[in-house]
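Here is the structure we will look at.
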Amino acid sequence: MSANLSATAYNRGVHRIAADASSDPRFGRVRWSPVKSLWIGGMTATAIIGGTLTFSWDALALFLVTTAITLCGGHSLGMHRRLIHNSYACPLWLEYLLVYLGVLVGMAGPYGMTRTHDIRDWAQRRSDCHDYFAHRQPFLTDGWWQLHCELVLDRPPVLRFEDRIATDPVYRFMERTWMWQQLPWALLFFAIGGWGWVFWGICARVAVCVTGHWLVGYFAHNDGHRDWHVEGAGVQGYNVRFCGLITMGEAWHNNHHAYPGSARLGLYDGQTDIGWWVLMALKRLGLVWNIKTPEDLPARPELRALSSAHSSSRSALATAAL
188 MSANLSATAY NRGVHRIAAD ASSDPRFGRV RWSPVKSLWI GGMTATAIIG
238 GTLTFSWDAL ALFLVTTAIT LCGGHSLGMH RRLIHNSYAC PLWLEYLLVY
288 LGVLVGMAGP YGMTRTHDIR DWAQRRSDCH DYFAHRQPFL TDGWWQLHCE
338 LVLDRPPVLR FEDRIATDPV YRFMERTWMW QQLPWALLFF AIGGWGWVFW
388 GICARVAVCV TGHWLVGYFA HNDGHRDWHV EGAGVQGYNV RFCGLITMGE
438 AWHNNHHAYP GSARLGLYDG QTDIGWWVLM ALKRLGLVWN IKTPEDLPAR
488 PELRALSSAH SSSRSALATA AL
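The numbering of the sequence shown is the working numbering, which starts it at 188 and goes up by one.
What follows is the structure, given as structure tokens:
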């Protein structure tokens with residue numbers, strides 16, 4: 188693969204996918220996933236029952252603080268912008284810390300998150316794909332599928348991790364133990380605040396983060412504002428305006444479909460991107476560098492601006508970003 192093709196593949200977020208002519212994202216079966224279902228179902232039930240019985244303002248504060256830290260530092264900056272899209276560089280110890288916080292979100296380990304993300308994005312960029320990838324089913328059906336089931340494709344692509352990730356012992360450990368990573372924190376919270384801190388700091392946080400991730404994904408692939416259209420893609424991304432703040436910028440999903448390799452997700456005025464603000468703070472501390480924004484990425488001939496205000500915005504974004 189040439190350097191230019193490699194850069195383009197990174198921009199589109201599908202550089203790990205090895206798909207031949209037989210790979211097809213349209214056909215497969217959705218089946219119940221016992222481990223996935225029992226995990227989120229158990230966390231949700233425990234949060235509702237235990238959290239109601241043990242509510243306190245300090246437990247609620249713990250929930251809010253730990254949710255913000257794991258979603259921003261972990262899911263958005265660690266898992267998504269760094270590990271999956273390689274949209275900035277940082278010391279390995281900081282990468283480990285951010286990805287670890289992403290593991291604490293409670294969705295999957297680093298390999299599981301990357302695999303789910305990359306195969307989904309590969310499918311959405313094809314001319315058509317299974318309803319599971321596109322969130323086309325009715326709201327409750329899609330919720331059941333995404334939170335309690337898995338899709339087994341008849342002819343899946345092959346996903347190959349780059350060596351630095353595939354052979355990393357720290358990531359291998361995180362992958363094997365991602366559910367158990369909640370336990371040390373549960374013990375600490377219990378020692379400090381009793382069961383209320385466990386129910387709110389662990390169970391409620393995991394239940395809200397995982398369910399919220401599905402909700403944003405559902406709306407971000409069905410309806411909303413768009414500045415960009417990706418020609419040939421069967422699934423388009425939409426900006427979920429009312430979720431920009433609480434998702435740490437991840438809800439600007441039309442921007443992300445347009446520029447997958449960009450570390451900045453809120454590209455225009457009024458698009459709150461807390462993850463970007465944190466990244467800029469880390470840059471000032473000298474902890475991150477090589478931060479990619481749309482003007483740093485290879486041009487995409489299939490990308491079409493839907494607004495004349497954004498048709499030549501790549502250079503403008505460079506000024507706004509920094």
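Every residue gets a Cβ at the ideal spot worked out from N, C-alpha and C, and that includes glycine.
- Counting C-beta atoms within 10 angstroms of its own C-beta, H412 has fewer than 16 neighbours from the protein chains shown and is therefore classed as exposed.
- From the listed residues D460, E349, V422, the smallest Cα separation to A255 is found for D460.
- The three-state reading of DSSP puts R218 in strand, counting E and B together.
- Rounded to the nearest whole angstrom, the CA to CA distance from A407 to M230 is 25 Å.
- In terms of Cα proximity to A246, the closest of R392, I478, D350 is R392.
- Proximity of the stretch 302-319 to the stretch 372-392 falls short of the contact definition, fewer than three beta-carbon pairs being nearer than 8 Å.
- Taking 8 Å as the upper bound for CB-CB distance, V286 and G299 are not in contact here, some 12 Å apart.
- Counting C-beta atoms within 10 angstroms of its own C-beta, N441 has 16 or more neighbours from the protein chains shown and is therefore classed as buried.
- Straight-line spacing of the CA atoms in W464 and S209 works out to 43 Å.
- In the structure shown, V385 adopts helical secondary structure according to DSSP, grouped into three states.
- One alpha carbon belongs to T480, the other to R323, and they sit about 30 Å apart.
- Short of 6 Å from the beta carbon of F376, and not among the five residues preceding or following it, lie these beta carbons of its own chain, in chain order: W384, V385, G388.
- Secondary structure note for A391: it is in no alpha helix (DSSP H), with a DSSP letter that is neither H nor E.
- Between V403 and A450 a beta carbon distance of about 19 Å is seen, past the 8 Å cut, so the two are scored as non-contacting.
- Shown here, V357 sits in a helix according to DSSP, grouped into three states.
- Ranking G260, C259, G293 by CA distance to the CA of W365 puts G293 first.
- In terms of CA proximity to D308, Y446 leads the group Y455, L240, Y446, S494.
- Beyond the five residues adjoining it in sequence on each side, C396 comes within less than 8 Å, by CB distance, of T254, T257, L258, H262, V292, G293, M294 in the same chain, given in chain order.
- One alpha carbon belongs to R359, the other to R351, and they sit about 11 Å apart.
- DSSP, reduced to helix, strand and coil, places E337 within a strand of the structure shown.
- Selection T434, H443, I433, M435 evaluated against Q423 yields H443 as nearest (Cα-Cα).
- Listed in chain order, the non-local C-beta contacts of R203 below 8 Å within the same chain comprise T301, D305, L346, R347, F348, E349, local neighbours out to five positions each way being set aside.
- Rounded to the nearest whole angstrom, the C-alpha separation of N273 and L240 is 43 Å.
- Taking every protein chain shown into account, the CB of L472 has fewer than 16 other CB atoms within 10 angstroms, so this residue is exposed.
- Assignment of alpha helix (DSSP H) within the stretch 385-458, counting only whole runs of 4 or more residues, yields 392-407, 440-445 in chain order.
- Judged by DSSP secondary structure, L490 falls within the beta strand (DSSP E) whose first and last residues are 490-492.
- Looking at the DSSP output, A276 bridges to W476.
- D460 carries a coil assignment under DSSP once its states are collapsed to helix, strand and coil.
- Distance between W331 and A321, taken at the CA atoms: about 14 Å.
- Looking at the DSSP output, A232 shares a beta bridge with no other residue.
- The C-alpha of E489 is placed about 42 Å away from the C-alpha of F250.
- As the crow flies, the alpha-carbon of G419 is around 29 Å from that of M435.
- Per DSSP, the continuous alpha helix (DSSP H) segment holding D318 begins and ends at 318-321.
- Burial check for N477: the Cβ neighbour count within 10 Å stays below 16, so the residue is exposed.
- For I306, no pairing in a beta bridge is given by DSSP.
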